[in-house]
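J.: Please find one structure pasted underneath; my questions will follow.
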Amino acid sequence: MPAIRRRLLMVGLSMAASLRPRSADASSPLPAAPSFRLVTGDLPPFAQPGKPSGQRGVLVELTEAILQRAGYPVQAEYFPWARALLLAGEHPRTLILPLNRTPEREGRFQWLLKLYAQRFVFMTLAEHPRVEHREQTRALRVGVLRGSSSLTALEQLGLPARRIVQAASIAEMHRALERGVVDAIYGSELIHTQAWQRGGRAADRLQVGMTLESADIWLAAQSGVTEDEQTRLRQQHEQMLGDGSVERIFRRYGIRPRPEDLR
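In mature numbering (1 follows the signal peptide of the UniProt record, and there is no 0), the protein residues as written are -26 to -1, 1 to 237.
Shown next as C-alpha cells:
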C-alpha cells in the first residue's frame, strides 16, 4: 500500500475512534447535579422582595446562608404564592419556603429543614368585633391567601365556599378587609401584622383574634434533592443554630424566636 494511502487510512481510523462513545469507568467524574432553584412569595417578614434596606425576608436570608455554606449558592425568586407553589410542585430541585407542613402535603414534598413555627389566627379591624370562637366565624366573610394551607383549614372548619374570599397576595387581603369586602382575614399572625405595618397602616387598627392552629414552616422540594444534599443542609443548619447565626438573622428583623420554634 502506498505511503500516502496508509497515512489517510490511519487518519480515518483515528477520527472514528475519537467519535466513538467512551464507556464510563470508576475514575471518571460523575456529572454535576443541576443547581437548585429557590422560590417564594411576598410574605413578610419571612420573604419580602424590593426592600430598600436590602432585607429580603428572614427565612430567605437564613436559607440562602445555609445553601451558601453547604456549597449550593442560590438567590430566591419571588412570585405570587400560588405560582411559587405550582413551580415547586412541578419541577424537581425547586426549593420553596415558607411551606407549612400539613397532612395534605406530607407525601407530595421532600421536607428538608424546619425553619420556624407560626400561629394562624383570625384578624379584624379594631372597630369590629373580635373573632373569639368558632361559631362566630360561620357568619363571616373571610379572606384567605390563594394556594395556602389556610384555605384547607377554613374548609375543615366548615365555612361554606361562598363565605371564603381568596386573594392573590397579602396586600390584596388587607385591602379587602379595609374596604369591607370581607369581615375578617385568616392567616399567619406574624406575616399579617408585619405586612400591615409595612403598608403604612396603624398597628392598633388590626386586632388579632382566635388562634385556630399552629404549624411548622419548612424548606421543601417536590423531588430531586439527594440524601447527601439533605444531610449537608441539615449539618449547616445545625451549625448556624449552634453558633448563634440563626438568632442573629431573626433579631435583625426585630424577632426574638423561642428555641422550640427553630427546631
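Note that CB positions come from ideal geometry on N, CA and C, so glycine has one too.
Identify, in the order they occur along the chain, each residue of the same chain with its Cβ nearer than 7 Å to the Cβ of Gln210, setting aside the five sequence neighbours on each side.
T.: If you number the sequence shown from 1, residue 210 lands on position 236. Answer for Gln210: Ile40, Arg43, Ala44, listed in chain order.
J.: Pick helix, strand or coil for Arg82, following the three-state DSSP scheme.
T.: Along the sequence shown, read from residue 1 onward, the residue named residue 82 stands at position 108. Arg82 falls in the helix class under three-state DSSP.
J.: Ignore the nearest five residues each way along the sequence and tell me which others in Leu99's own chain have a CB closer than 8 Å to its CB.
T.: Taking the first residue of the sequence shown as position 1, residue 99 is located at position 125. Hits under 8 Å: Leu151, Glu152, Arg179, Leu180, Gln181.
J.: What does the alpha-carbon distance come out to for the pair Arg206 and Gln49?
T.: Numbered from its first residue, the sequence shown carries residue 206 at position 232. Numbered from its first residue, the sequence shown carries residue 49 at position 75. The straight-line gap from Cα to Cα measures roughly 18 Å.
J.: DSSP three-state call for Thr185: helix, strand or coil?
T.: Within the sequence shown, numbered from 1, the residue matching residue 185 stands at position 211. In this structure, Thr185 counts as strand in the three-state DSSP scheme.
J.: Once DSSP output is grouped into helix, strand and coil, what is the label at Pro3?
T.: Here the question's residue 3 lines up with position 29 in the sequence shown. Summary for Pro3: the model assigns pLDDT 43, below 50, so the residue's position carries little reliability, and this model does not support an answer.
J.: From Met97 to Asp202, what distance separates their C-alpha atoms?
T.: Position 123 of the sequence shown, counting from 1, holds the residue named residue 97. Position 228 of the sequence shown, counting from 1, holds the residue named residue 202. Distance between the alpha carbons of Met97 and Asp202: 42 Å.
J.: Answer yes or no: do Arg120 and Ala176 have a C-beta to C-beta separation smaller than 7 Å?
T.: For this step, residue 120 is matched to residue 146 along the sequence shown. For this step, residue 176 is matched to residue 202 along the sequence shown. Cβ atoms of Arg120 and Ala176: not closer than 7 Å.
J.: For a minimum of 4 consecutive residues, which ranges assigned as the alpha helix (DSSP H) are wholly contained in the region 93 to 136?
T.: As far as the region 93 to 136 is concerned, its whole alpha helix (DSSP H) runs of at least 4 residues are 108 to 111, 123 to 131.
J.: Taking just the CA atoms, how far does Val95 sit from Thr14?
T.: Counting from one through the sequence shown, the residue named residue 14 turns up at place 40. Counting from one through the sequence shown, the residue named residue 95 turns up at place 121. Spanning the two alpha carbons is a distance of roughly 22 Å.
J.: Leaving out five residues on either side along the sequence, give the residues of the same chain with a beta carbon under 8 Å from the beta carbon of Tyr160.
T.: Working through the sequence shown from its first residue, we reach residue 160 at position 186. Once the five neighbours on either side are set aside, the close Cβ partners of Tyr160 are Phe94, Val95, Phe96, Met97, Val116, Gly117, Val118, Ser124, Ala127, Leu128, Leu186.
J.: Consult DSSP for Ala194 and reduce its assignment to one of helix, strand or coil.
T.: If you number the sequence shown from 1, residue 194 lands on position 220. Residue state, collapsed to three classes: strand.
J.: Residues in its own chain within less than 8 Å of Ala189 by CB, not counting five upstream and five downstream?
T.: Stepping through the sequence shown from its first residue, residue 189 is reached at position 215. If we look at Ala189 and ignore the five residues flanking it on each side, its Cβ neighbours are Asn74, Arg75, Thr76, Ala91, Gln92, Phe94, Ser123.
J.: Going by C-alpha to C-alpha distance, which of Ala158, Ala194, Gln196, Pro23 sits closest to Thr111?
T.: In the sequence shown, the residue the question calls residue 111 occupies position 137. Selected option, being the one with the closest Cα: Ala158.
J.: Quick check on the DSSP output: what are the complete beta strand (DSSP E) runs of length 3 or more inside the region 14 to 52, in order along the chain?
T.: Complete beta strand (DSSP E) runs here, min 3: 50 to 52.
J.: Using a threshold of 7 Å, state whether the C-beta atoms of Pro19 and Val32 are closer than that.
T.: The residue labelled residue 19 in the question sits at position 45 within the sequence shown. The residue labelled residue 32 in the question sits at position 58 within the sequence shown. For Pro19 and Val32, yes; Cβs fall inside 7 Å.
J.: Going by C-alpha to C-alpha distance, which of Gln22, Thr37, Ile70 sits closest to Ser197?
T.: For the purposes of this step, residue 197 is taken as residue 223 along the sequence shown, with counting starting at 1. Checking every option, the nearest Cα to that of Ser197 belongs to Ile70.
J.: Please specify which runs of the beta strand (DSSP E), each continuous and at least 3 residues long, are wholly inside the region 133 to 158, giving them in chain order.
T.: The region 133 to 158 contains these whole beta strand (DSSP E) runs: 138 to 141.
J.: Give me the Cα-Cα distance between Arg79 and Arg11, rounded to the nearest whole angstrom.
T.: The count along the sequence shown starts at 1 and reaches residue 79 at position 105. The count along the sequence shown starts at 1 and reaches residue 11 at position 37. Their Cα atoms are separated by approximately 20 Å.
J.: Checking 7 Å against the spacing of the C-beta atoms, do Trp85 and Ala169 come in under that value?
T.: Translated into the one-based positions of the sequence shown, residue 85 becomes position 111. Translated into the one-based positions of the sequence shown, residue 169 becomes position 195. Not a contact, by the Cβ cut-off of 7 Å.
J.: Do you know offhand how far Leu215's Cα is from Arg237's?
T.: In the sequence shown, residue 215 corresponds to position 241, counting from 1. In the sequence shown, residue 237 corresponds to position 263, counting from 1. In a straight line, the C-alpha of Leu215 is about 9 Å away from that of Arg237.
J.: Would you say Pro54 and Ala142 are within 7 Å of each other, going by their C-beta atoms?
T.: Here residue 54 refers to the residue found at position 80 of the sequence shown. Here residue 142 refers to the residue found at position 168 of the sequence shown. Yes, they are a contact pair.
J.: What's the C-alpha gap between Val199 and Ala62?
T.: Locating residue 199 in the sequence shown gives position 225, where the first residue counts as 1. Locating residue 62 in the sequence shown gives position 88, where the first residue counts as 1. Going by the C-alpha atoms only, they are around 12 Å apart.
J.: Is it right to say Gln22 is buried, meaning 16 or more other beta carbons lie within 10 angstroms of its own, or is it exposed?
T.: Residue mapping note: residue 22 aligns to position 48 of the sequence shown, counting from 1. Per the 10 Å Cβ criterion, buried.
J.: Suppose you measure from the CA of Asp217 to the CA of Leu89; what does that come to, to the nearest Å?
T.: Residue mapping note: residue 217 aligns to position 243 of the sequence shown, counting from 1. Residue mapping note: residue 89 aligns to position 115 of the sequence shown, counting from 1. About 16 Å.
J.: So what does DSSP say about Arg232, is it helix, strand or coil?
T.: By one-based count along the sequence shown, residue 232 stands at place 258. Of the three classes helix, strand and coil, the one that applies to Arg232 here is coil, per DSSP.
J.: Quick check: the Cα distance between Arg108 and Pro47, rounded to an integer number of angstroms?
T.: As a working note, residue 108 is residue 134 in the sequence shown. As a working note, residue 47 is residue 73 in the sequence shown. Approximately 45 Å between the Cα atoms of the pair.
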